[in-house]
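Visitor:
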Amino acid sequence: MRFKANQYLGLCLILFLSGLPVSAQSDAGVTARLFIRYEHGAAQHRIAEDLLTLKLSVNSEARAKVAIRVCSKEPMAFALATAGANPFLIADRLVNAYAYSPERVVFLRSEDCLSTDNASEPVTEIWAIPEGGSLPPQVEALGSNQVRLTPLGKEQVNRGTRDYEAALQKLIRRLRANPSSAGVVFGYFLERPSPALQRRLREVARTLERSGLARGRYLVRPKAWDDEVSTYPPDTEPEYPSLFVVEVARSCAVR
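Each residue of the sequence shown is one higher than the last, beginning at -17 in the numbering used here.
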């Protein structure tokens, strides 16, 4: 009787295993998996918590590499800079807090994963990739050490740069010196752009138009602040723009 019971249990086990999805058996350990998707951006503390969860909940073999994929129709430099959940912040934390080498953190851009709510709003995704696993679908790929976002200006105040005019001239010089770089000027706002901020953004746009730089080398736009905001004392609307240069080196292929 015991022998028949053991046979019965063994048969049940075989039937259970044979009924598992094929991907769970053959793809485990070799397929990139989406860990999290930020449809509408994320604050720094939220990102820090999610990356800790990635480390604790996904074994190291399954996250040998991490891909930060931005869903956007804009070129990579602009897609990375405009994404609500900051890809540069995510990469920096993976490298400096979780000991990933820069080569094992990659930036991707894809156009087949756009937001269904607002296709013009870049979406940020974090993918865990096992050793030997393929990258998720993309139209552009860069190692995290191949692209850098640098803020310009010395007088940072309330999410803006008081010396934005001097920073703008520096941005123009750097764009002229490096044809693969791109310029980004944001007017961060909390609820709605202030009149002073809107006026200064128009000034910046006119200066860039007169600089002779191709229109595709830079963007100027208001951008909702997607990090934490103080309620006591309450934060005031920014009055100055923030300027950045995105420098891209495409000398190495990403695998």
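Note that beta-carbon positions come from the ideal geometry of N, C-alpha and C, so glycine has one too.
#1: Report yes or no: do the stretch 56 to 75 and the stretch 113 to 132 share at least 3 C-beta pairs separated by less than 8 Å?
#2: Using C-beta distances below 6 Å, list every residue in its chain close to residue 137, excluding the 5 sequence neighbours before and after it, in chain order.
#3: Please report how far the alpha carbon of residue 39 lies from the alpha carbon of residue 157, in whole angstroms.
#4: Using DSSP's beta-bridge definition, name the partner residues of residue 169.
#5: Using CA atoms only, rank isn't needed, just tell me which of 73, 167 and 76 is closest to residue 182.
#6: Measure the CB-CB distance between residue 202 and residue 186 and report whether it falls below 8 Å.
#7: Is residue 253 helix, strand or coil by DSSP?
#8: For residue 55, name the three-state secondary structure that DSSP assigns.
#9: Whole angstroms are fine: how far does the CA of residue 53 sit from the CA of residue 175?
#10: In the DSSP assignment, find the beta strand (DSSP E) that holds residue 91 and state where it starts and stops.
#11: Comparing alpha-carbon positions, which option in 68, 100 and 173 lies nearest residue 51?
#12: Pick helix, strand or coil for residue 44, following the three-state DSSP scheme.
#13: Pull up the DSSP beta-bridge partners for residue 50, would you.
#14: Suppose you measure from the CA of residue -8 to the CA of residue 93; what does that come to, to the nearest Å?
#15: For residue 214, is the classification buried or exposed, using 16 other Cβ atoms within 10 angstroms of its Cβ as the cut-off for buried?
#16: Is the beta carbon of residue 91 closer than 8 Å to that of residue 48?
#17: Relative to the C-alpha of residue 118, which residue among 109, 125 and 211 is closest?
#18: Could you name the residues of the same chain whose beta carbon sits closer than 7 Å to that of residue 150, not counting the 5 residues immediately before and after it, in chain order?
Guide: Let me lay it out:
#1: Yes: at least three Cβ pairs fall under 8 Å.
#2: Closer than 6 Å at Cβ, skipping near neighbours: 144 and 145.
#3: Across the structure, residue 39 and residue 157 are spaced so that their CA atoms are roughly 42 Å apart.
#4: DSSP lists 204 as partners of residue 169.
#5: That would be 167, whose Cα lies nearest to the Cα of residue 182.
#6: Yes, these two residues count as a Cβ contact at 8 Å.
#7: There is no way to answer for residue 253, as the model of the chain reaches only from -17 to 237.
#8: In this structure, residue 55 counts as coil in the three-state DSSP scheme.
#9: Whole-angstrom Cα-Cα distance: 25 Å.
#10: According to the DSSP assignment, residue 91 belongs to the beta strand (DSSP E) that extends over 87 to 92.
#11: Comparing Cα-Cα distances from residue 51 to each of 68, 100 and 173, the minimum goes to 68.
#12: Secondary structure of residue 44 (DSSP, three-state): helix.
#13: Residue pairing by DSSP places residue 50 opposite 89 and 108 in a beta bridge.
#14: A caution first: residue -8 carries a pLDDT of 45, below 50, which makes its placement in the model too unreliable to give a value.
#15: Exposed is the label assigned to residue 214, since fewer than 16 other Cβ atoms lie within 10 Å of its Cβ.
#16: With a cutoff of 8 Å on beta-carbon distance, residue 48 and residue 91 are scored as not near each other.
#17: Per the Cα distances, 109.
#18: The answer, listed in chain order, is 186, 189 and 225.
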